[in-house]
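In the working numbering, the protein residues as written are 6 to 309.
See below:
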């Protein structure tokens with residue numbers, strides 16, 4: 006098995022949680038070995054007690070700067086409702102000790118997602134997995150839904166990073182492209198370092214400023230891979246996403262182009278996407294009142 010228990014006493018390892026952990030959810034940190042041998046952390050949440058009729062397992066993908074600790078609140082809300090939730094840490098992010106801010110290629114990231122889905126299916130016995138992608142993680146979930154529809158029960162996208170409003174300027178883009186050919190591990194700033202882009206909450210802004218595992222820089226090859234993933238999503242055929250799809254957007258989002266994102270998902274789902282908007286900044290669950298968001302998230306994950 007490529008997946009092993011690592012630490013149930015310190016379920017998040019060194020990661021700081023944005024919300025307190027719940028007593029009625031079993032949370033454990035585990036290690037998933039990716040196809041090329043890279044070990045990455047997975048935060049696994051299970052409901053207590055185990056429900057008689059559990060919901061479908063959820064693969065939860067975080068954003069480019071974030072890690073599972075940002076989203077434990079929503080992950081545990083889903084677990085409390087009966088779902089096993091697997092927060093897979095993208096390689097090189099979170100508290101990864103090696104290759105921080107790096108990924109070799111778009112193909113490697115796609116293969117990582119497929120490996121995580123296959124393990125979850127084998128571990129839980131489920132034929133299909135509920136995909137949940139926040140921000141940057143949304144692009145990986147969309148592409149997996151297109152490539153392996155038979156493994157997907159539902160697709161939920163929260164402010165997905167498939168049509169961003171924020172990006173690097175052309176001089177930096179040219180530098181990244183040049184470095185991809187000769188020094189692909191050179192790091193560049195991720196243009197999201199202002200906490201106010203993510204949330205208006207002073208408490209959550211403080212959490213972001215003090216988070217030692219927030220990713221501020223990425224290698225040229227990760228940034229190139231990200232652009233290639235965007236291109237694949239944008240060029241996907243109309244109607245190529247066939248799973249029940251829900252799009253949750255923040256009206257005050259300064260990172261994502263909501264209108265363009267909605268149009269793209271309308272095309273990819275042949276008009277079947279369900280769109281819900283919240284009066285929130287980009288990271289919706291950083292809002293003071295998250296009950297309505299958690300309810301919408303649960304409905305989206307269970308969509309048929």
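Built from N, CA and C at the ideal position, the CB exists for glycine as well.
- Residues 61, 63, 158, 159, 306 of the same chain have their beta carbon placed closer than 6 Å to that of residue 135, with the five preceding and five following residues left out of the count.
- Per DSSP, the unbroken beta strand (DSSP E) holding residue 92 starts and ends at 90–93.
- Nearest C-alpha to residue 194 among 273, 219, 26: 219.
- Runs of the beta strand (DSSP E) lying entirely within the segment 37–96, each at least 3 residues long, are 44–52, 63–66, 90–93 in chain order.
- Comparing C-alpha distances from residue 265 to each of 71, 241, 168 shows the shortest one belongs to 168.
- DSSP places residue 188 in the coil class of the three-state scheme, outside both helix and strand.
- Look at the beta carbons and you see the segment 88–96 touching the segment 36–54: at least three pairs across the two are nearer than 8 Å.
- Sequence-distant Cβ neighbours of residue 228 in its own chain, meaning closer than 7 Å and more than five residues away, are 181, 193.
- Nearest neighbour of residue 109 by Cα position, chosen from 164, 143, 41, turns out to be 41.
- By the CB criterion at 9 Å, residue 196 and residue 210 fall outside the cutoff.
- Residue 81 is positioned such that its CB atom lies closer than 9 Å to that of residue 32.
- Along the segment 156–235, the beta strand (DSSP E) occurs as fully enclosed runs of 3 or more residues at 157–163, 192–194, 222–224, listed in sequence order.
- CA-to-CA, the gap between residue 244 and residue 37 works out to about 32 Å.
- When DSSP states are grouped into helix, strand and coil, residue 306 belongs to the helix group.
- Straight-line measurement puts the Cα of residue 125 at about 15 Å from the Cα of residue 154.
- Note on geometry: alpha-carbon atoms of residue 123 and residue 274 lie some 24 Å from one another.
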